[in-house]
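Working notes, beginning with the structure itself.
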Amino acid sequence: MERTQRTPGTGGTPDGMGSILSAGQTYTAEDILKTIPMQEYIAGYRDFGRVRGYCHECSRFGTCWACPPYSFDEEQCLRRYGTIDLLATRITPAGGTVLTREVSEEIIRKERYRLDAMLLRREREAGSGEDGSGERGCNSPVRAFFAGTCLLCPPEQCTRRSNAPCRHPKSIRPSLEAMGFDIALTASDIFGIPLQWASNGNPPAYLTLVSGLAY
Ligand code: SF4
-15 MERTQRTPGT GGTPDGMGSI LSAGQTYTAE DILKTIPMQE YIAGYRDFGR VRGYCHECSR
45 FGTCWACPPY SFDEEQCLRR YGTIDLLATR ITPAGGTVLT REVSEEIIRK ERYRLDAMLL
105 RREREAGSGE DGSGERGCNS PVRAFFAGTC LLCPPEQCTR RSNAPCRHPK SIRPSLEAMG
165 FDIALTASDI FGIPLQWASN GNPPAYLTLV SGLAY
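The sequence shown stops at residue 199 when you use this note's numbering, and every number in between is there.
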């Protein structure tokens, strides 16, 4: 299992949105890589019916091009790949940072920009990257799966709401969860990092993102 750790600075987000992190508030992000056969990941961690049920309850279902329902068969798409690199990113607050909902959203956005760019670069290096969430993307020799929904436009402005083409089709990818994988089980069982949520008014001690790169 490979690990890399970085301590990001504070400041504005890459899309120009202002930062709500004050001076001195920061966090560490540790990336942990685990490579497993795709067949093993499907057999042990995919529960399509149950996980897709969660998608049905989300406001982005059918209103975001990066989210389900898709124009391709998810299982056939996954079975074109022999191996998957799973990347867990554990985000731990530092410098007095408290993971309120707003702070968590900002940190996740920053880390998603970093992770998504890194995964897309890996795709490009392998000659992939032409189609974000459609059938053609499943023919790519390397295919990225992001750690959540699309963050490129405000949700209410996604063009899927008006059935118009995506503004950034080369930059969107399905999430692992949208492909039917149990992310809580992935995080706890493969990486030893149980997911945490806020409860009873107490913020989580850390945040976890799980991305993937199939090939
Ligand atoms: S880039 Fe914009 S239009 Fe495309 S899926 Fe994301 S939110 Fe929707």
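Built from N, CA and C at the ideal position, the CB exists for glycine as well.
For residue i, count the other beta carbons within 10 Å of its own beta carbon; 16 or more makes it buried, fewer makes it exposed. Which is it?
i: glycine 66; result: exposed
i: aspartate 57; result: exposed
i: alanine 78; result: exposed
i: serine 88; result: buried
i: tryptophan 181; result: exposed
i: tyrosine 11; result: buried
i: glutamate 95; result: buried
i: arginine 108; result: exposed
i: aspartate 15; result: buried
i: threonine -12; result: exposed
i: proline 158; result: buried
i: glutamate 140; result: exposed
i: alanine 189; result: exposed
Any idea what DSSP makes of residue i, helix, strand or coil?
i: serine 88; result: helix
i: aspartate 100; result: helix
i: proline 139; result: helix
i: arginine 64; result: coil
i: alanine 162; result: helix
i: isoleucine 16; result: strand
i: tyrosine 199; result: coil
i: asparagine 184; result: coil
i: isoleucine 75; result: strand
i: tyrosine 54; result: coil
i: phenylalanine 45; result: coil
i: aspartate -1; result: Summary for aspartate -1: the model assigns pLDDT 42, below 50, so the residue's position carries little reliability; its value from the coordinates is reported in the next sentence. Aspartate -1: coil per DSSP, three-state reduction.
i: aspartate 173; result: helix
i: arginine 127; result: strand
i: tyrosine 38; result: helix
i: arginine 30; result: strand
i: arginine 151; result: coil
i: tyrosine 11; result: strand
i: arginine -13; result: strand
Beta-carbon within less than 6 Å of residue i's beta-carbon, same chain only, minus the 5 sequence neighbours each way: which residues are those?
i: glycine 118; result: Ser55
Grab me the residues of residue i's own chain with a C-beta within less than 7 Å of its C-beta, minus the 5 sequence neighbours each way, in chain order.
i: glycine 164; result: Arg30, Asp31, Phe32, Val35, Arg36, Glu58
i: aspartate 100; result: Phe130
i: threonine 84; result: Pro187
Could you pull out every residue in the same chain whose Cβ sits closer than 8 Å to the Cβ of residue i, ignoring the five residues on either side in sequence?
i: alanine 171; result: Ala72, Ile177, Pro178, Leu179, Thr192, Val194
i: leucine 197; result: Ile68, Asp69, Leu71, Leu103, Arg106, Glu107, Val126, Arg127, Ala128, Phe129
Rounded C-beta distance between residue i and residue j? I'm assuming under 8 Å.
i: glycine 116; j: proline 153; result: 5 Å
i: alanine 162; j: cysteine 61; result: No, alanine 162 and cysteine 61 are not in contact; Cβ-Cβ is about 11 Å, not under 8 Å.
Worksheet item: Of all residues in the structure, which have a C-beta closer than 6 Å to any heavy atom of the ligand SF4, taken in chain order?
Response: Cys48, Trp49, Ala50, Cys134, Leu136, Cys137, Cys142, Thr143, Arg144, Cys150, Arg151, His152, Ile156
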